[in-house]
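Trainee: Can you read through this structure? Questions will come right after.
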Amino acid sequence: MTLLIYGIINSVILALYALGFSLCYGISGIANFAHGAFYILSGFVAWNFMNAAGLPFYLAAVLAVAVTGLLGFLFYWALLLRIRGVPLAELIVTFAAGVGMLELLMWRGFYGMRYSLPLFVRGGVEIGPVAVDYQRLCVLTTGVVLVVLLWFFVHHTRIGLAFRAMAQNERTALSIGVESDWIGSLSLALGSALAAVAAMVVLPLGMMESAIGLEVLIYALAVAIVGGLESTVGMVAGSFIIGFGQVAVARYISAKWMIIAPLAAIVLVLVIKPSGLFGKFKELEERV
Amino acid sequence: MVATSVHRRKKRLDRGIKARTDTIFLIASWKDMLYLLLPRMLPVAILLVLPVLVKGYWGKVLVYACIYGLLALSWDFMAAGGLFSLGQALFFGLGAYLAGILNYYLHLPPVVTVPAATLGGGLLSAALLGSVVRLKGVYFAMITLMLPLLFKKVIETTGAFGGTHGLPSLTPFPSELLTAYLAVGGFLGSLFIFRRVINSDYGLVLRAIKDDDRAVMSGAINIYGRKIQAIFISGAVGSFAGALMTHYYQFLGMSVFALDYSILPVAAVALGGQGTFAGAAMGSLILVPLSESLRALGGLRIAIYCGILIVSIIGFPEGLFHYLARKYHQFERVVEVK
Amino acid sequence: MKKHLFVTALAVLFVSGPIFFPVGDALAAEPVIIGVPTSLYTPFGSYGLKAVELAVEEINAQGGVTVGDEKRPFKVVVADTRGGEPGTPVHDALMAYEKLITSEKPHAIVIGAFRSEVLIAAMDLVAKYKVPHLGTIAQTPRFQAQFKSDPAKYKYLFRVTTDALVDANYIAHTLDLLKTDYGLNKILYIYQDTLWAEAFAGLMRKHCGETGWTEVGYEPYAAGASDFSPAFSKAKENQAQVLAMVWDVPLGAGVFAKQYVAMKVPALLIGFIPPMGSPMAVKAVGPEVEYSITVEFPVGATLALAKLPKTGEFLDKFARKYGELPEPPAVNSSAYDAVFVLAQAIERAGSLDPDKLVTALEQTDYRGVSGRIRFDENHVMVFGETSPDETGVCVVFQWQKGSDGQLKRVPVYPAFLAEGPIQLPPWMKK
């Protein structure tokens, strides 16, 4: 029972980490290695809104998501515009920007155990023999709601359809009047905003520290690879495999192997099924 | 009538000495000879003299630069075959651990451990990555990114080979000068050999695999075998760098699998320019001293370093080397568009 | 041409360097230079550096340190090794060390490496350059092992803080109190899977095995872990009465503290858990920190002790200068003491010659904030549990509700520092 409940919760946390990253990659083909930095940056922004500007947490959280989204948008126009389509340069620039952001945060004194975001609701509930806190249930609902919303957004709105058009065939999309740079920057904005949403619900579970940024990036990559980079279903499945894998390993083997589980999962999946478990266009040229 | 504004453009002309290709030159005089030789020989000469001139801390920086240079070269070689790796740390770490283990447990001298680690590291890399050479693009990149992290975690978890504390007090090289020349020699040697190989028939096949692997396959060439060979070669070069570093610092720890060793070489290539090896070499000879001289800035060092890196990559998306080569070989003048 | 560009860029950087780093006041006599190579972006490093600067300021206010017959001021030079940040290669940290040693030519080094791995690797470097090194962060027992392998070579290295096993003994003896006073006997251990924490947990386990505790679990977690629900469920299922925890990575420690509260584990929390020991814990973790027991090593790092006035004096000075109190995990009292130990040694030696300085350091007998400071044959500061007049000491405290309803940290062990007995939470009393 514990295994089940905490397995689900951990998987949803992983899915939240990966959601923005894999959406952004799926649409614009930009692997945003600054994803983790955006995640932790939003936490810092929210903390500042709360403690420097004295706003209540809810307002601060909403503002932080907006600010992070905007930053993602500017990030594209400022840095990625000129090097779009050169994977090597994209990779190094996003990665360097991410590391740079984390270092700046540290320089501003954002480390140690001083910083934490408040819980939405204190206390918890007993589900059968297992105690779960309300915050983790919030994480769970946020995760589910986000995935459903995204599905509607991508399938039933104009921008969402444009996103899909870009993902499927950039040239055709261009020829029917979808603006590539516009969509690219929007996808980055959306990806960063999603990272911020994840940060707002997950960060209150523990302390905030700049170093978490790198951790989030690694998990996002792990999930995206296991699930295949383009499909939402795959991403959710990927996070469940890794999430449950971790809890099961901790319970039945030893907790110290927990971190190894996701890495080993990636290696195994890629060796056995190179396109990820749910990659869509797998036999086409890109993968194999 | 509307007055039409005058449009101007830059017109580029190859210098007379260069007859339209990159390899055939028309040499007429000493001046032409110098024109060709200077940019090739001068850096080599400087590198060969430097170990004698700079000592102590900056001597270490030179070795460090050459070690990153080796990793960058090995990255560029794999990339030439379409293998886009984010895990040079794997090669580096394997070489370092092989050399360290041989030295620490079997007490073998560096004369034995460095070559053994170079070969063994190459073989191990080929064996490890051999099963995933079917992957392409970002997927290959991701798995190479994850493998060194996995190794690091395994060593951390199992406590094997010194665990989190590492193995201290390994045998050093006899002298600083020898180490410096080993690093510089390995670096220049790899640069020279790679530049030769990539233009030979063998290199041609590699580059063809990158451009169109199906076409190469239909030419009855086993592309996976070729890719594994490429991994072996660049794995060996990376392992050599790792073994060198281990004996140089007399210390081996799991941080040899750190992300820095994967990302910095790629950054060097991105800065210098892909595909020519000279670009990779140049990138690392710029980045490492840059990072060291920024130490004076204290805490902001890495942030500023990242900033410089980003600006120069955005400024020269094709790579610094390609840019400089073009400037060197071409005239430019502004002409009116008619 | 390419060289030219590069040189220009470098020149610009060098020129702009001093703008970022204001140079300290130039004093008349040539200063004695203290090098501080450490990981600045960790509480250990940043608070340690602040403590060093505080001590230096005090000494300089007195005119400095007497070298031979000349008064010379101290000057602190800093290098960021980034050793505490995950993913920093040891080689990179060593480069920072070497750069500091060769370009600033410090007469001695305080604080030093953050990660044990870096310290062990830096030992050869320090021995090579012969710089007296008063380390105050890394607590690994491997230091002594390495030292013993060649004492003549490593004689420049000293440690002015606790060994991981010292704190473990304090906790083990606090567990004895719990057993005799309240009859608790079921324990579950959780520890971060690194060498020092393993040694810590192993010592507790051994001690409790000998004193009749029932062990219901011994759980190593990888240092990057961010979910402890398996261990908490296990504790609940097996009705553990005490959770013994050893952890210092902020991420995991924070999640642990909050998750312990959230999962309502009916067990007393004890051990080395920095966020629970922090003065800010009530705000950062929540009011549920009440009853949790943490060790502070050495004394004076963050908690002012009524029975050891020096700790209060030090923390007051710290708060006055910086407007904030240090937080754990911090070893700032050690860093502060180290500067005075160094100053006295210099005066005794009458010279800055490293070998003479080492001999003088070996004779150290100083009453500092952290107790009486002497070094054993491995150049490690001696700690004990009997009296601050004998050795260095640590303190174990518990979060308790005072008469005014405010939560505060009350020292409970050792007896000569305790200000009250351990309290058992109401939900544990039968």
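Protein chains in written order, with this note's numbering: chain A, 420 to 707; chain B, 7 to 344; chain C, 4 to 433. Glycine included, every Cβ here is placed at the ideal spot set by N, Cα and C.
(1) Got a sec: which bits of the segment 508-519 of chain A sit with their beta carbon under 8 Å from any beta carbon on chain B, in order along the chain?
(2) Bridge partners for residue 183 of chain C per DSSP, in chain order?
(3) Throw me the rounded Cβ distance for the residue 536 of chain A and residue 474 of chain A pair, which I believe falls under 8 Å.
(4) So, are the CB atoms of residue 361 of chain C and residue 158 of chain C less than 8 Å apart?
(5) If distances are taken between C-alpha atoms only, which option among A:686, A:422, A:682, A:691 comes closest to residue 551 of chain A?
(6) Any idea what DSSP makes of residue 246 of chain C, helix, strand or coil?
(7) Give the DSSP-derived three-state secondary structure of residue 64 of chain B in the structure shown.
(8) Is the CB of residue 9 of chain C under 8 Å away from at least one CB in chain A?
(9) Would you list the one or two residues that DSSP bridges to residue 402 of chain C?
(10) Could you tell me whether the segment 141-150 of chain B touches the segment 88-100 of chain B, where touching means 3 or more Cβ pairs closer than 8 Å?
(11) Which residue marks the beginning of the beta strand (DSSP E) containing residue 82 of chain C, and which one marks its end?
(12) Taking the DSSP output, what are the residues bridged to residue 329 of chain B?
(13) Just to make sure I have the definition right: I need the residues of chain C whose C-beta is within less than 9 Å of the C-beta of residue 544 of chain A. Which are they?
(14) Provide the residue(s) that pair with residue 221 of chain C in DSSP beta bridges, ordered along the chain.
(15) Spell out the partners DSSP gives residue 618 of chain A in its beta bridges.
(16) Taking a cut of 7 Å between CB atoms, which residues from the segment 243-258 of chain B lie near chain C?
(17) With distances taken from CA atoms, which of A:545, A:430, A:523 is nearest residue 653 of chain A?
(18) So with Cβ pairs under 8 Å, would you call residue 322 of chain C a contact of chain A?
(19) What separation, rounded to the nearest whole angstrom, lies between the Cα atoms of residue 507 of chain A and residue 215 of chain B?
(20) Please list, in chain order, the residues of the segment 211-237 of chain C that have any C-beta partner in chain A closer than 9 Å.
(21) At a CB-CB cut-off below 9 Å, which residues of chain C make contact with residue 262 of chain B?
(22) Measuring alpha carbon to alpha carbon, tell me which residue in C:223, C:376, C:380 is nearest residue 150 of chain C.
(23) So residue 502 of chain A packs on residue 320 of chain B, CB below 8 Å; how close in whole Å?
(24) Say whether chain B places a C-beta atom closer than 8 Å to the C-beta of residue 187 of chain C.
(25) Tell me the residue span of the beta strand (DSSP E) that contains residue 552 of chain A.
(26) Identify each residue in the segment 300-317 of chain B for which the Cβ-Cβ distance to at least one residue of chain A is less than 7 Å, and report them in chain order.
(27) According to DSSP, is residue 82 of chain B helix, strand or coil?
(28) Determine, for residue 690 of chain A, whether the minimum Cβ-Cβ distance to residues of chain C falls below 8 Å.
(29) Report yes if the CB atom of residue 101 of chain C is closer than 8 Å to the CB atom of residue 63 of chain B, and no otherwise.
(30) Let me know the secondary structure DSSP gives residue 519 of chain A once reduced to three states.
(31) With respect to the beta strand (DSSP E) encompassing residue 280 of chain B, which residues constitute its N-terminal and C-terminal limits?
(32) If you draw a straight line from the C-alpha of residue 342 of chain B to the C-alpha of residue 12 of chain B, how long is it?
(33) Once the 5 residues before and after residue 336 of chain B are set aside, which same chain residues still bring their CB inside 8 Å of it?
(34) Mind checking whether residue 78 of chain C and residue 34 of chain C have CB atoms under 8 Å apart?
(35) Just verifying my parser: in three-state terms, what is the DSSP assignment at residue 238 of chain B?
(36) Cβ of residue 499 of chain A within 8 Å of Cβ of residue 629 of chain A?
Mentor: Taking the coordinates as given:
(1) 508, 510, 511, 512, 514, 515, 516, 518, 519
(2) In the third sequence, residue 183 of chain C corresponds to position 180, counting from 1. None; residue 183 of chain C has no bridge partner.
(3) Taking the first residue of the first sequence as 1, we reach residue 536 of chain A at position 117. Taking the first residue of the first sequence as 1, we reach residue 474 of chain A at position 55. A Cβ-Cβ distance of about 13 Å is found for the pair residue 536 of chain A and residue 474 of chain A, leaving them out of contact under the 8 Å criterion.
(4) To locate residue 361 of chain C, count along the third sequence from 1; it is residue 358. To locate residue 158 of chain C, count along the third sequence from 1; it is residue 155. A contact, by the Cβ cut-off of 8 Å.
(5) By one-based count along the first sequence, residue 551 of chain A stands at place 132. Taking the Cα of residue 551 of chain A as reference, the smallest distance to any Cα among A:686, A:422, A:682, A:691 is reached at A:422.
(6) Walking along the third sequence from the start, residue 246 of chain C turns up at place 243. Secondary structure of residue 246 of chain C (DSSP, three-state): strand.
(7) For the purposes of this step, residue 64 of chain B is taken as residue 58 along the second sequence, with counting starting at 1. In the structure shown, residue 64 of chain B sits in a helix (DSSP, three-state: H, G or I).
(8) Reading the third sequence from its first residue, position 6 is the one you call residue 9 of chain C. The predicted model places residue 9 of chain C with a pLDDT of 49, which falls under 50 and marks its position as unreliable; any figure quoted below should be read in that light. It does not; no Cβ of chain A falls within 8 Å.
(9) Looking up residue 402 of chain C in the third sequence gives position 399. As computed with DSSP, residue 402 of chain C is found in a beta bridge with C:412.
(10) They touch, by the three-pair rule.
(11) Counting from 1 along the third sequence, the entry for residue 82 of chain C is found at position 79. It spans 77-83 - the beta strand (DSSP E) in which residue 82 of chain C sits, taken as one unbroken run.
(12) Here the question's residue 329 of chain B lines up with position 323 in the second sequence. Bridge partners of residue 329 of chain B: none, in fact.
(13) Here residue 544 of chain A refers to the residue found at position 125 of the first sequence. Those within 9 Å of residue 544 of chain A in chain C number zero; the least Cβ separation is about 10 Å.
(14) Here the question's residue 221 of chain C lines up with position 218 in the third sequence. C:192.
(15) Working through the first sequence from its first residue, we reach residue 618 of chain A at position 199. Answer is none; residue 618 of chain A lacks a bridge partner.
(16) 251, 255, 256, 257
(17) If you number the first sequence from 1, residue 653 of chain A lands on position 234. Ranking A:545, A:430, A:523 by Cα distance to residue 653 of chain A puts A:430 first.
(18) Locating residue 322 of chain C in the third sequence gives position 319, counting from the first residue. No - not a single Cβ of chain A is within 8 Å of the one on residue 322 of chain C.
(19) Position 88 of the first sequence, counted from the start, is the residue given in the question as residue 507 of chain A. Position 209 of the second sequence, counted from the start, is the residue given in the question as residue 215 of chain B. Roughly 18 Å separates the two Cα atoms.
(20) 222, 223, 224, 225, 226, 227, 228, 229, 230, 231, 232, 233, 234, 235, 236, 237
(21) As a position in the second sequence, residue 262 of chain B is number 256, starting the count at 1. Here the neighbours are 92, 93, 94.
(22) Locating residue 150 of chain C in the third sequence gives position 147, where the first residue counts as 1. The shortest Cα separation from residue 150 of chain C among C:223, C:376, C:380 belongs to C:380.
(23) For the purposes of this step, residue 502 of chain A is taken as the residue at position 83 of the first sequence. For the purposes of this step, residue 320 of chain B is taken as the residue at position 314 of the second sequence. Between residue 320 of chain B and residue 502 of chain A the Cβ distance is about 6 Å, and since that is below 8 Å, they are a contact.
(24) Residue 187 of chain C sits at position 184 when you count from the first residue of the third sequence. Not an interface residue.
(25) Here residue 552 of chain A refers to the residue found at position 133 of the first sequence. Following the DSSP letters along the chain, one finds residue 552 of chain A inside the beta strand (DSSP E) bounded by residues 549-552.
(26) Answer in chain order: 305, 306, 308, 309, 312, 313, 315, 316.
(27) As a position in the second sequence, residue 82 of chain B is number 76, starting the count at 1. Note: residue 82 of chain B maps to helix in three-state DSSP.
(28) Position 271 of the first sequence, counted from the first residue, corresponds to residue 690 of chain A. The C-beta of residue 690 of chain A comes no closer than 8 Å to any C-beta of chain C.
(29) The residue you call residue 101 of chain C lines up with position 98 of the third sequence. The residue you call residue 63 of chain B lines up with position 57 of the second sequence. In contact: residue 101 of chain C and residue 63 of chain B (Cβ atoms closer than 8 Å).
(30) Within the first sequence, numbered from 1, the residue matching residue 519 of chain A stands at position 100. It is helical.
(31) Taking the second sequence and counting its residues from 1, the one referred to as residue 280 of chain B is at position 274. It is not in any beta strand (DSSP E) - residue 280 of chain B carries neither H nor E in the DSSP assignment.
(32) For this step, residue 342 of chain B is matched to residue 336 along the second sequence. For this step, residue 12 of chain B is matched to residue 6 along the second sequence. Taking the straight line joining both Cα atoms gives about 7 Å.
(33) Within the second sequence, residue 336 of chain B is the residue found at index 330, counting from 1. 18, 19, 20, 21.
(34) If you number the third sequence from 1, residue 78 of chain C lands on position 75. If you number the third sequence from 1, residue 34 of chain C lands on position 31. Yes; because the gap between Cβ atoms is below 8 Å, this pair is in contact.
(35) Walking along the second sequence from the start, residue 238 of chain B turns up at place 232. In the structure shown, residue 238 of chain B sits in a helix (DSSP, three-state: H, G or I).
(36) Residue numbering aside, residue 499 of chain A sits at position 80 when the first sequence is read from its first letter. Residue numbering aside, residue 629 of chain A sits at position 210 when the first sequence is read from its first letter. It is not a contact, given that the beta carbons lie outside the stated cut-off.
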